[in-house]
Amino acid sequence: LTGGGDARVLVWDLRTNGVVKCLGGHRKRVTSLALRRDAPAAEAYSGSSDRCVRVWNVAQRGFVETLFGHQEGITALDAVGEQSLVSAAEDRTLRLWKVDEETQLVFGGGSSPLDAVAMLSPTSFVAGAQDGTLSLWSSMRKRPLATLPTAHGLGGALTGGAPCWITALAAPPHSDVVLSGSCDGALRFWHADDAGRSLSPIHSVPLTGFVNGIALARSGKFVAAAVGQEHRLGRWFRLPEAPLL
54 LTGGGDARVL VWDLRTNGVV KCLGGHRKRV TSLALRRDAP AAEAYSGSSD
104 RCVRVWNVAQ RGFVETLFGH QEGITALDAV GEQSLVSAAE DRTLRLWKVD
154 EETQLVFGGG SSPLDAVAML SPTSFVAGAQ DGTLSLWSSM RKRPLATLPT
204 AHGLGGALTG GAPCWITALA APPHSDVVLS GSCDGALRFW HADDAGRSLS
254 PIHSVPLTGF VNGIALARSG KFVAAAVGQE HRLGRWFRLP EAPLL
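For the sequence shown, the positions run 54 to 298 when this note's numbering is used.
Spelled out as structure tokens, the structure:
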């Protein structure tokens, strides 16, 4: 699945490199996609600048329903379990959805728009903000369990001395490991401890450019990072030394 500025979600056949279905309905660009990663039936979700989440049946390649709630554009989605979905948006909120029940829990994400989110389990997740804050959340609390300001440091001349934005997050399902990306030249690994209410650094890998996406192999042994010269949602900053793909 891919989504783009044309407000469409495309379903691809990787054997032929061809589009097999075009899914429309969003009114503005598609900014995020998620698949239920550990459930028996495949369901996909798309988030958009039109403030809506659309639910898709992957097998039938058809529309299921629309989820409403965010007051500004949605920037990130992730899903774990049968019907659990989390969304992050420019309205500075996180929303944890029970899709089958059409209910949502709202969490105030702080003073800065949110650009990234990843689920550790159906009840816990991490979020990344434009002010560089990395936070750990539980569905049982309205406040974060742990918060790390400037998790990727300051951006220097690139950001005018402001913190490096958290641009991408990923986590293996039902784990305590989080991966984060930004523009500071490193892909970072963290230990998320719900019980201890902490986020601790584990490891970092050098990586030049804006990390605009992170994907994990089902085995958890491999990581793929989408890296560019600019942020995926706009051209506020540029790293010319990064690969131009």
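Don't be surprised by glycine CBs; every beta carbon is placed ideally from N, CA and C.
Element boundaries [beta strand (DSSP E), containing residue 233]: 230 to 234
Determine the direct distance from the alpha carbon of residue 55 to that of residue 322, and round the result to whole angstroms. Limits of the chain in this structure are 54 at one end and 298 at the other, which puts residue 322 out of reach.
Distance, residue 235 Cα to residue 252 Cα: 17 Å
Which residue marks the beginning of the beta strand (DSSP E) containing residue 138, and which one marks its end? 137 to 142
Taking the DSSP output, what are the residues bridged to residue 106? 100, 120
Suppose the cutoff is 7 Å on Cβ atoms and the five residues either side in sequence are ignored; what does the same chain contact list for residue 122 look like? 148, 157
Between the alpha carbons of residue 59 and residue 249, how many angstroms are there, rounded? 44 Å
Indicate the three-state DSSP secondary structure (helix, strand or coil) for residue 266 in the structure shown. strand
C-beta neighbour in chain C for residue 88, strict 9 Å: The structure shown contains no chain C, having only a single protein chain.
Helix, strand or coil for residue 215, going by three-state DSSP, please let me know. coil
Taking just the CA atoms, how far does residue 284 sit from residue 84? 12 Å
Nonlocal neighbours in the same chain, by C-beta distance under 6 Å from residue 211, ignoring five residues either side: 290
So within the region 238 to 263, which uninterrupted beta strand (DSSP E) runs reach at least 3 residues, ignoring any that extend past its ends? 239 to 246, 251 to 259
Since residue 190 sits in a beta bridge, which residues does DSSP pair it with? 178
Residue span of the beta strand (DSSP E) that contains residue 134, given as start and end: Note, residue 134: premise wrong, no beta strand (DSSP E); not H, not E.
Give the C-beta separation of residue 172 and residue 131 to the nearest angstrom, bearing in mind that I take them to be a contact with Cβ-Cβ under 8 Å. 5 Å
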